[in-house]
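The block underneath contains the structure these notes are about, expressed in structure tokens.
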Amino acid sequence: MPVHRVIENFDPLVTEPFDVVIVDESSQCDLLSVGVLALGAKAVVVGDDQQTSPAAVGVNIERIIQLQNSHLSGVEAKSLLTVDQSLYALAELIFPSTILLREHFRCVPEIIEFSNRYYDGDILPLREPVVAGIGAPLRLIRVEDGATSGTTDKVNRAEAQALVEQVLACHRDRAYAGMTFGVVTLQGSAQGPLIENLLRERLGPEAFAERRLRVGNPPAFQGDERNVVFVSVVAADATWAATKNADKQRINVAASRAQDQLWVFHTVEPGRLHKDDQRRALLEYLRDAALKPPTSEDQEERCESEFELALLRELRRAGYEVQVQHQVGRYRIDLVVVGQSARLAIECDGDRYSGAEHWEDGIRRQRQLERLGWTFWRIRASEFYRERAETVGTLFERLEKHGVLPKPMWDVVRTAVPAAAVTPLVEESLVAEVSLEESVVELPEDEDPADVLF
């Protein structure tokens with residue numbers, strides 16, 4: 001239950017203590033939540049100091065100091081007990097150990113890599129793209145005619161309109177069927193309601209609910225996620241610099257809410273912002289992270305055996321999109337055949353995997369990746385060369401059964417929105433990142449934990 005319900009229902013002086021009290025999203029819990037720790041013999045405090053913390057907007061700091069001196073005169077660390085300190089921050093200072101959960105399952109690697117800078121590169125992204133039809137995970141949109149208006153709480157109407165048009169285009173595109181949408185605004189409190197009103201008017205209540213569409217600032221999205229997130233930077237000039245720790249937290253949260261695709265709409269040029277501005281960091285990351293797609297020659301050079309190369313060419317001849325030596329954590333998969341909404345991992349068992357030890361290592365790796373959602377198909381070199389046509393035919397049948405079709409078939413299967421229906425915005429498709437939410441993998445009883453650390 002939420003903290004306020006805990007305070008209403010339990011009294012540490014009366015209630016029999018629990019064995020363990022677990023506080024989730026503790027980075028958002030303020031000073032008043034400290035009392036819940038008195039309800040248990042042990043406490044597990046789960047949070048992230050790189051995400052938004054309680055704000056002290058409008059709080060009289062002098063009054064806080066007076067209360068500290070009056071009631072906490074004997075407490076050595078009383079200066080830490082302020083309304084802008086989260087429960088997580090206090091726990092980090094007081095408790096002797098912190099366990100870092102490194103495995104990240106929310107965002108595709110291209111999105112989370114931006115946030116990885118806030119965690120010293122320790123995040124291990126394990127969520128793989130599964131919806132190829134929507135295109136690149138990162139999209140950077142420059143709204144050239146954008147401008148801010150208003151005195152205290154500014155809005156950028158051109159940026160809001162461009163964002164809304166793109167949401168509508170994605171909603172009409174069947175490639176986004178079943179996906180949820182979110183909109184995050186990075187400045188003020190007026191841009192969000194402007195965008196939400198436009199979306200409700202243009203989409204209608206049913207589509208709004210179907211997409212689980214949510215509009216808000218970064219704190220409103222902490223602990224939440226959507227398949228596709230659209231970010232409005234709002235600013236049209238460099239009148240202020242987002243360089244504080246709170247700005248890092250807000251940008252980190254905004255950039256890490258998207259599971260499959262992140263769209264960022266901006267008016268201000270990155271170069272006009274302060275060199276340490278976190279908005280500039282995000283915009284430049286999106287601008288610079290676009291990678292040149294590997295050519296057929298590049299992919300062939302990555303093959304580690306003639307067997308892999310021969311199978312790759314068979315798949316390409318049939319029109320399949322194939323990734324060679326695909327990286328997942330510390331592991332690599334020989335070939336990954338990618339469809340519009342599914343994929344199949346192929347392991348090529350040839351001469352280089354000789355001996356029982358290598359075979360057992362391969363099976364262990366496969367078992368661990370299957371727990372992350374991968375489906376495998378193993379092919380032996382001897383089988384391929386002895387009955388090539390039959391082996392390849394069986395593979396094609398398996399691909400079709402698994403829902404992985406050749407790329408020329410993608411547009412046949414889905415009815416896409418005509419190109420003319422898409423708003424003609426200046427688009428930079430990038431490969432980039434964002435978010436932090438880490439999880440622990442459940443292990444079988446006989447599994448050695450050291451074996452699943454990637």
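Be aware that the sequence shown starts at 1, since it is given in the UniProt record's numbering, and climbs by one per residue. The C-beta atom is built at its ideal place from N, Cα and C for all residues, glycine as well. Nothing here was measured: the structure is a model prediction, and the numbers come from that model.
Distance, Cα to Cα, residue 184 vs residue 236? For the purposes of this step, residue 184 is taken as residue 184 along the sequence shown, with counting starting at 1. For the purposes of this step, residue 236 is taken as residue 236 along the sequence shown, with counting starting at 1. Roughly 17 Å between the two C-alpha positions.
inquiry  = Short of 7 Å in beta carbon distance, which residues of its chain neighbour residue 406, apart from the five on each side in sequence? Order them along the chain.
reply    = For the purposes of this step, residue 406 is taken as residue 406 along the sequence shown, with counting starting at 1. The answer, listed in chain order, is 318, 319 and 320.
Just to confirm, are residue 123 and residue 260 a CB contact at a threshold of 8 Å?
Position 123 of the sequence shown holds residue 123. Position 260 of the sequence shown holds residue 260. Cβ atoms of residue 123 and residue 260: not closer than 8 Å.
Around the Cβ of residue 1, are there at least 16 other Cβ atoms within 10 angstroms (buried) or fewer (exposed)?
Along the sequence shown, one-based indexing puts residue 1 at 1. By the neighbour-count rule (16 or more Cβ atoms within 10 Å), residue 1 is not buried but exposed.
Margin query: So the candidates are 119, 187, 377 and 209; which of them puts its Cα closest to the Cα of residue 217?
Written below: Stepping through the sequence shown from its first residue, residue 217 is reached at position 217. For the residues 119, 187, 377 and 209, the minimum Cα distance to residue 217 belongs to 187.
- Selected residue, minimal CA-CA separation from residue 107, among 137, 213 and 81: Within the sequence shown, the letter at position 107 stands for residue 107. It is 137.
>> Quick check on residue 424: buried or exposed, where buried means 16 or more other Cβ atoms within 10 Å of its Cβ?
In response: As a first step, residue 424 is located in the sequence shown; it is residue number 424 there, counting from the start. Only weak support exists for where residue 424 lies, its pLDDT of 32 falling under 50; the value from the coordinates is given anyway. Classification of residue 424: exposed, given that the 10 Å Cβ count is below 16.
- Under three-state DSSP, which class holds residue 184? Mapped onto the sequence shown, residue 184 falls at position 184. Strand at residue 184.
What does DSSP give as the partner residues of residue 42 in its beta bridges? Here residue 42 refers to the residue found at position 42 when the sequence shown is read from its first residue. In DSSP, residue 42 forms a bridge with 20.
Exercise. Please classify residue 74: is it buried, with 16 or more other beta-carbons within 10 angstroms of its beta-carbon, or exposed?
Key: Here the question's residue 74 lines up with position 74 in the sequence shown. So residue 74 counts as exposed.
Exposed or buried, what is residue 95 when buried is set at 16 or more other beta-carbons lying within 10 Å of its beta-carbon? Stepping through the sequence shown from its first residue, residue 95 is reached at position 95. Residue 95 comes out exposed.
- Task: Tell me whether residue 60 is buried or exposed, calling it buried when 16 or more other Cβ atoms sit within 10 Å of its Cβ.
- Result: As a position in the sequence shown, residue 60 is number 60, starting the count at 1. Per the 10 Å Cβ criterion, exposed.
- Between residue 328 and the rest of its own chain, which residues show a CB-CB distance below 8 Å, the 5 nearest in sequence each way excluded? Against the sequence shown, residue 328 aligns to sequence position 328. The answer, listed in chain order, is 126, 128, 369, 372, 374 and 454.
Quick one: using the 10 Å Cβ neighbour count with 16 as the cut-off for buried, is residue 212 buried or exposed?
-> Along the sequence shown, one-based indexing puts residue 212 at 212. Residue 212 comes out exposed.
Using a Cβ-Cβ cutoff of less than 6 Å, which residues in the same chain neighbour residue 67 once the five nearest sequence positions on both sides are dropped? Residue 67 sits at position 67 when you count from the first residue of the sequence shown. Same-chain partners within the cutoff: there are none.
- Query: Would DSSP call residue 8 helix, strand or coil?
  - Reply: Here residue 8 corresponds to residue number 8 of the sequence shown, with the count starting at 1. Reduced to three states, the DSSP call for residue 8 is helix.
### Task
Give the straight-line distance between the Cα atoms of residue 279 and residue 273, rounded to the nearest whole angstrom.
Locating residue 279 in the sequence shown gives position 279, where the first residue counts as 1. Locating residue 273 in the sequence shown gives position 273, where the first residue counts as 1. Roughly 8 Å separates the two Cα atoms.
- Query: Using CA coordinates, which residue listed in 7, 342, 9 and 247 is at the minimum distance from residue 118?
  - Reply: Taking the sequence shown and counting its residues from 1, one reaches residue 118 at position 118. With distances taken between Cα atoms, residue 118 lies closest to 247.
Exercise for review: Measure the C-alpha to C-alpha separation of residue 146 and residue 275 and round it to an integer number of angstroms.
Suggested key: Counting from 1 along the sequence shown, the entry for residue 146 is found at position 146. Counting from 1 along the sequence shown, the entry for residue 275 is found at position 275. Cα-Cα distance, rounded: 22 Å.
Requested in this report: Confirm, please, whether the CB-CB distance from residue 265 to residue 163 is below 8 Å.
Outcome: Stepping through the sequence shown from its first residue, residue 163 is reached at position 163. Stepping through the sequence shown from its first residue, residue 265 is reached at position 265. Closer than 8 Å, so yes.
For residue 335, which of helix, strand or coil comes out of DSSP? On the sequence shown, residue 335 is found 335 positions in, with the first residue counted as 1. The answer is strand: DSSP assigns residue 335 an E or B state.
- prompt: At which residues does the alpha helix (DSSP H) containing residue 326 begin and terminate?
  reply: On the sequence shown, residue 326 is found 326 positions in, with the first residue counted as 1. From DSSP, residue 326 is part of no alpha helix (DSSP H) but of the beta strand (DSSP E) over 321-328.
Reduced DSSP secondary structure (H/G/I, E/B, other) of residue 2
Within the sequence shown, residue 2 is the residue found at index 2, counting from 1. Coil at residue 2, not helix or strand.
Review point. Roughly how many whole angstroms lie between the Cα atoms of residue 286 and residue 112?
Key: As a first step, residue 286 is located in the sequence shown; it is residue number 286 there, counting from the start. As a first step, residue 112 is located in the sequence shown; it is residue number 112 there, counting from the start. In a straight line, the C-alpha of residue 286 is about 12 Å away from that of residue 112.
Return helix, strand or coil for residue 155, following the three-state DSSP convention. Taking the first residue of the sequence shown as 1, we reach residue 155 at position 155. The answer is strand: DSSP assigns residue 155 an E or B state.
query: Since residue 261 is in the beta strand (DSSP E), which residue starts that stretch and which ends it?
result: The residue given as residue 261 occupies position 261 in the sequence shown. Run containing residue 261: 258-266, per the beta strand (DSSP E) assignment.
Own chain, CB closer than 8 Å to residue 21, minus 5 neighbours either side, in chain order:
Position 21 of the sequence shown holds residue 21. Cβ neighbours of residue 21 beyond the five flanking positions: 36, 37, 39, 40, 42, 43 and 44.
Check your understanding: Thinking C-beta only, is residue 32 closer than 8 Å to residue 85?
Key -> The residue given as residue 85 occupies position 85 in the sequence shown. The residue given as residue 32 occupies position 32 in the sequence shown. For residue 85 and residue 32, no; Cβs fall outside 8 Å.
Quick check on residue 17: buried or exposed, where buried means 16 or more other Cβ atoms within 10 Å of its Cβ?
By 1-based counting over the sequence shown, the position of residue 17 is 17. Exposed.
Quick one: what's got a C-beta closer than 7 Å to residue 24's C-beta in the same chain, skipping five residues either side? In the sequence shown, residue 24 corresponds to position 24, counting from 1. Around residue 24: 46.
Reduced DSSP secondary structure (H/G/I, E/B, other) of residue 105:
Translated into the one-based positions of the sequence shown, residue 105 becomes position 105. Residue state, collapsed to three classes: coil.
Over what stretch of residues does the beta strand (DSSP E) that includes residue 229 continue unbroken? Working through the sequence shown from its first residue, we reach residue 229 at position 229. Residue 229 -> beta strand (DSSP E) spans 226-232.
query: By Cβ distance below 8 Å, which residues in the same chain neighbour residue 322 in space, the five residues on each side in sequence not counted?
result: Working through the sequence shown from its first residue, we reach residue 322 at position 322. Once the five neighbours on either side are set aside, the close Cβ partners of residue 322 are 299, 312, 315, 316, 335, 336, 337 and 338.
Practice item. List the whole-angstrom C-beta distance separating residue 192 from residue 215, where the pair is believed to meet the contact cut-off of C-beta under 8 Å. Key: Start at 1 with the first residue of the sequence shown, and residue 192 comes out as number 192. Start at 1 with the first residue of the sequence shown, and residue 215 comes out as number 215. Sure, about 5 Å apart at Cβ, within 8 Å.
Buried versus exposed call for residue 269 [16 or more other C-beta atoms within 10 Å across all chains shown]: Start at 1 with the first residue of the sequence shown, and residue 269 comes out as number 269. The residue in question, residue 269, is exposed, as its Cβ has fewer than 16 Cβ neighbours within 10 Å.
| said: Measuring only the C-alpha atoms, how far is residue 62 from residue 79? | reply: One-based indexing of the sequence shown puts residue 62 at position 62. One-based indexing of the sequence shown puts residue 79 at position 79. Going by the C-alpha atoms only, they are around 12 Å apart.
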